[in-house]
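What follows is a set of notes on a single structure, which appears directly below.
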Amino acid sequence: MGRSAVVGVVALVAASVGATPPQVRFVPQPGLRISGFWAERLDKLEQSWIPPCWKRLGVRGGAFQRNLAEATMLALERHPERKELAGILERFVRDDIARQQPDGYVGHCNPRYADYGRHELYGQGYFIEAAVRHMAFAKGRDRRYFDAAIRLADHLDSVFGPPPKRTWTDGHPGVEKALLTLADAVDRWDGVGKGVRYAELARYFIRHQNDIAEYRHTYCQSHEPAVKMKEAVGHAVRGTYFYAGMAGSAWRCGDAELAEAARRVFESAVDRKGYITGGVGGQWAGEAFGPDYKLPNARAYLEGCAGCGLYDWCTEMAMLDGLDRSEDVRERVVYNNLLGTFSEDFSCYAYQNPPACANPRYPWHTLPCCVGNVPRVLEDFKNRMYAVSPDGDTLYLNHFIASTDGEVEVGGTRVRLALATDYPFDGKVALTLTAERPVAFKLRVRQPNRTESALYTAEPAVPHGYREFEVKLVAARGAPQTLAVRGTPQTLAACPHAASATIRFELPMPLQRVTCDARVKANRGLVAWQQGPIVYAWEGKDFTQRVPYYARLNHGGPSRVWMPADGMVPTAETESGDWFRNTGCPLDASNRKVISSCFLKER
Ligand SMILES: [Zn+2]
């Protein structure tokens, strides 16, 4: 009785609110031609990881295959000539659709929705996400999978909701953020306003996760009503997925209470529980967010999938509150925790990604949840590079992926984008903008914050925040072009044949010495090093080599990110800069003296 009364109140509140527009809109980049750092890694991922992964998982429908299918679609955007991958994808799509039951249900449970611990909605969420990705991949020309996802969502909508429909506790959240993705896609492909009921269904799941007394548990974020949450708790993959759904349904449905809760929990996850590698969920027991300031290094869990969940959560936080924080958090988790999942040749990976570790990565795991999920996110990173403001008059450059053939619509005009850079090893960036027609707009370029978590202090400090440029591209047929870009410091290069401008700037990339909040016992008296977005690990028995965290091998013994502050002694190698050539990360002369070898023995 009590429960239905509460449900009634919530339903009344729901009727009185409307959607709040997103702060930004990310612009997907299906045609982006990537070069440099990211091309090297994505090529290896696509050649050495994805095909063998299909062999191991089998080309058939299933939760883990759905993530891998998304990664495969993104790989095919880069290389449409990969016919064998296209064939695998088509076989998978057919098989996955064939698994759907006539009333839209996807899953293996009989009876359905009788046991919250059976990953029923988790698998369904991945079905929806893969289908939404497939619709975009097919540019709207192949609706088979997408329509199946709509049938599944309609089935869920027929079962769950305010009385007389059922309430439920999602034992592994995920379907919530998937329904939000579907809401956007239905709006895009079938007409604005048509997707809103899927966003409302997501919000229903989020708001009612705590309804059923016997299913209340921190493990799956059902311990208290979502609107009361203050802290990131429980299983970290479940948590990040749930919180992404919370933030996303908050802005889509105009739910201010959920928005506040999402902000509080995000702060908790980043400012009190976030690792320097961007990983979350450090507690081994329960694969969970631990207590505040408890961040063990060697026994840290930090599953790849939790990093993926944080990535999706950042996307929703950006749309809820803007890009200032989300993209710093995203960059750290992508360049360290997620790239660090794989060996550099993409033949092996690790399920757990602790900052201190002696175990080499391995080719497979009995629970292969991360094997398609992490590639899905690494391949998707290009889609977070550019964003535009809701009014369409500001272009945001968020991430620095060397590339050509970027495309956005800004100021009512199609603008093509090329970005030249050696980032993440060098901060010099040249962005060339070419417009079809004369156009004026604002360009906001992210200067990364390297201390986006309150836990860490990095020295020297670097200026951060989005820098604004006024861009005016003026085309005059047959006449010399005039162009203007205001904002400092930058230089311009004019192209005589098009309305084009190149903006050059340099992101500050000093080598930074990082210390951690003293409340984190594990890191007391220790320092870590980062340069640009890359966190370093010291590797080998004698800790003689410093490598990017993502490139650690762990073959010669332990590797660790945090090292005693007073253990650093200069060596000849350091003076010659050899290590830094090895890592592809040159140091400038002024920094070289502060980084040095460390001949500490294992403690
Ligand atoms: Zn996983």
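In this note's numbering, the protein residues as written are 57 to 659. Note that the Cβ used here is the ideal one computed from N, Cα and C, for glycine as well.
With distances taken Cα to Cα, identify the nearest neighbour of residue i among the options.
| i | options | result |
| --- | --- | --- |
| residue 514 | 152, 479 and 332 | 332 |
| residue 574 | 511, 528 and 388 | 511 |
| residue 174 | 489, 205 and 229 | 229 |
| residue 84 | 271, 444 and 414 | 444 |
| residue 349 | 361, 360, 359 and 336 | 336 |
| residue 236 | 75, 151 and 109 | 75 |
| residue 342 | 359, 330, 334 and 354 | 359 |
| residue 429 | 363, 415 and 245 | 363 |
| residue 593 | 184, 203, 469 and 413 | 413 |
| residue 250 | 279, 308, 121 and 570 | 308 |
| residue 79 | 313, 572, 564 and 452 | 452 |
| residue 441 | 254, 390, 312 and 398 | 390 |
| residue 417 | 614, 253 and 483 | 614 |
| residue 584 | 569, 273, 145 and 101 | 569 |
| residue 178 | 382, 356, 119 and 160 | 119 |
| residue 415 | 462, 609 and 525 | 609 |
| residue 578 | 77, 356 and 142 | 356 |
| residue 159 | 401, 145 and 205 | 205 |
| residue 616 | 588, 589, 582 and 199 | 582 |
Which of the three DSSP states, helix, strand or coil, is assigned to residue i?
| i | result |
| --- | --- |
| residue 361 | helix |
| residue 462 | strand |
| residue 76 | coil |
| residue 507 | coil |
| residue 583 | strand |
| residue 601 | strand |
| residue 450 | strand |
| residue 638 | Note that residue 638 scores a pLDDT of 31, beneath 50, so its modelled location is shaky; the value from the coordinates is reported in the next line. Reduced to three states, the DSSP call for residue 638 is helix. |
| residue 224 | coil |
| residue 350 | coil |
| residue 201 | helix |
| residue 413 | strand |
| residue 422 | coil |
| residue 333 | coil |
| residue 148 | helix |
| residue 83 | coil |
| residue 369 | helix |
Between which two residues does the beta strand (DSSP E) harbouring residue i extend?
| i | result |
| --- | --- |
| residue 470 | 469–477 |
| residue 521 | 521–530 |
| residue 426 | Residue 426 -> not in any beta strand (DSSP E); alpha helix (DSSP H) instead, spanning 426–436. |
| residue 568 | 567–572 |
| residue 260 | Element bounds for residue 260: not the beta strand (DSSP E) but the alpha helix (DSSP H), 252–263. |
| residue 561 | 555–562 |
| residue 340 | From DSSP, residue 340 is part of no beta strand (DSSP E); its letter is neither H nor E. |
| residue 442 | 442–444 |
| residue 592 | 590–595 |
| residue 578 | No beta strand (DSSP E) contains residue 578, which DSSP labels as neither H nor E. |
How far does the alpha helix (DSSP H) with residue i in it extend, from its first residue to its last?
| i | result |
| --- | --- |
| residue 309 | 292–309 |
| residue 128 | 119–134 |
| residue 110 | 106–113 |
| residue 94 | 92–100 |
| residue 286 | Premise fails: residue 286 is in no alpha helix (DSSP H) and is neither H nor E. |
| residue 321 | 312–323 |
| residue 245 | 231–246 |
| residue 192 | 176–193 |
| residue 385 | 379–388 |
Going by other Cβ atoms of all chains shown within 10 Å of its Cβ, with 16 needed for buried, is residue i buried or exposed?
| i | result |
| --- | --- |
| residue 247 | exposed |
| residue 630 | Low confidence applies here, because residue 630 scores a pLDDT of 35, under 50, leaving its location unreliable and the question unanswered by this model. |
| residue 420 | exposed |
| residue 57 | Only weak support exists for where residue 57 lies, its pLDDT of 33 falling under 50; the value from the coordinates is given anyway. Classification for residue 57: exposed. |
| residue 422 | exposed |
| residue 491 | buried |
| residue 431 | buried |
| residue 166 | exposed |
| residue 393 | buried |
| residue 157 | exposed |
| residue 562 | exposed |
| residue 154 | exposed |
| residue 620 | exposed |
Can you confirm whether residue i, when its beta carbon is compared against all beta carbons of chain C, has any partner nearer than 7 Å?
| i | result |
| --- | --- |
| residue 111 | You won't find chain C in this structure, because it holds only one protein chain. |
Following a CB-centred definition, is residue i positioned closer than 6 Å to any heavy atom of ligand 3?
| i | result |
| --- | --- |
| residue 387 | Of the ligands one can find in the structure shown, namely ligand 1, none is ligand 3. |
Query - Segment contact, 8 Å Cβ cut-off, at least three pairs: the stretch 391–408 with the stretch 465–478 - result: no
Query raised in the report: When the Cβ atoms of the stretch 299–306 are set against those of the stretch 357–372, are three or more pairs found closer than 8 Å?
Result: yes
**Report entry** At least 3 beta-carbon pairs within less than 8 Å: the stretch 287–297 vs the stretch 318–333
**Finding:** yes
Query raised in the report: Hey, is the stretch 187–206 in contact with the stretch 118–134, meaning 3+ C-beta pairs nearer than 8 Å?
Result: yes
Query raised in the report: Taking three-plus beta-carbon pairs below 8 Å as touching, is the stretch 267–282 in contact with the stretch 208–217?
Result: no
Query - Three-pair Cβ contact test at 8 Å for the stretch 488–507 versus the stretch 465–474 - result: yes
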